[in-house]
Amino acid sequence: MDVALVYDADAKAFDLAIEGGDLVTDSTLETSVLLSLYTDRRALAEDELPGGGTDRRGWWCDAYSDRLQGSRLWLLSREKELDQVLRRAEEYASEALAWLIEDGIASSVDVEAIHLRRGVLQLIVGIQRPAGTVLERRYDYVWGASNGI
């Protein structure tokens, strides 16, 4: 069971869900998927960093783990809205969610990336549970104003 996250559209950020002064728990995969997609995974040595920067990001606990956390979706922040970028988004999201299969939580994870509207990439994530149920959710990734469009 995870602590639930909620999206604050005004702040364009996630926050802990609180009801009646207590943290809300989440027994679904929603919080786990949100953390996997929206936490910045450390860039690989061969990754081109946005804007020619040098910060490879990543979570500090990755130094103590065999499994990197998060996704490399942040690398797309300055990319143009092209089909090849959608394929990279699918690759990065699948990489971020691979742990669900490795840990036996899912038997498969399917990701499709589409251009929802100008400046917004949407990920359609389908998670096949071993018991046969399929969870499908849509997650938006908003590109920055300086993404080359």
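Just so we're aligned, residue 3 is where the sequence shown starts under our numbering, counting upward by one.
Every residue, glycine too, gets a C-beta built ideally from N, C-alpha and C.
Shown here for residue 90: same chain residues with a beta carbon closer than 7 Å to its own, the five before and five after excluded, namely 78 in chain order.
When only Cα atoms are considered, residue 64 and residue 43 end up about 9 Å apart. The beta carbons of residue 96 and residue 71 sit no closer together than 9 Å.
Each residue's CA atom was taken as its position, placing residue 20 and residue 40 some 20 Å apart. DSSP lists 125 as the beta-bridge partner residues of residue 141. Burial is judged here by how many other beta carbons sit within 10 angstroms of a residue's own beta carbon; residue 46 has fewer than 16 and is exposed.
For the pair residue 99 and residue 111, the CB atoms are nearer than the 9 Å cut-off. Around the beta carbon of residue 25, a 10 Å sphere encloses fewer than 16 other beta carbons of the protein chains shown; the residue is thus reported as exposed. Residue burial is scored here from C-beta neighbours: residue 94 has at least 16 other C-beta atoms within 10 angstroms and is therefore classed as buried. Put simply, of 105, 107, 76, 101 the residue whose alpha carbon is nearest the alpha carbon of residue 142 is 76.
DSSP, reduced to helix, strand and coil, places residue 116 within a strand of the structure shown. Bounds of the alpha helix (DSSP H) holding residue 87 are 85-104.
Approximately 7 Å separates the beta-carbon atoms of residue 127 and residue 138; this is inside 8 Å, confirming the contact.
The straight-line gap separating the alpha-carbon atoms of residue 54 and residue 132 is approximately 42 Å. DSSP places residue 35 in the helix class (H, G or I) of the three-state scheme.
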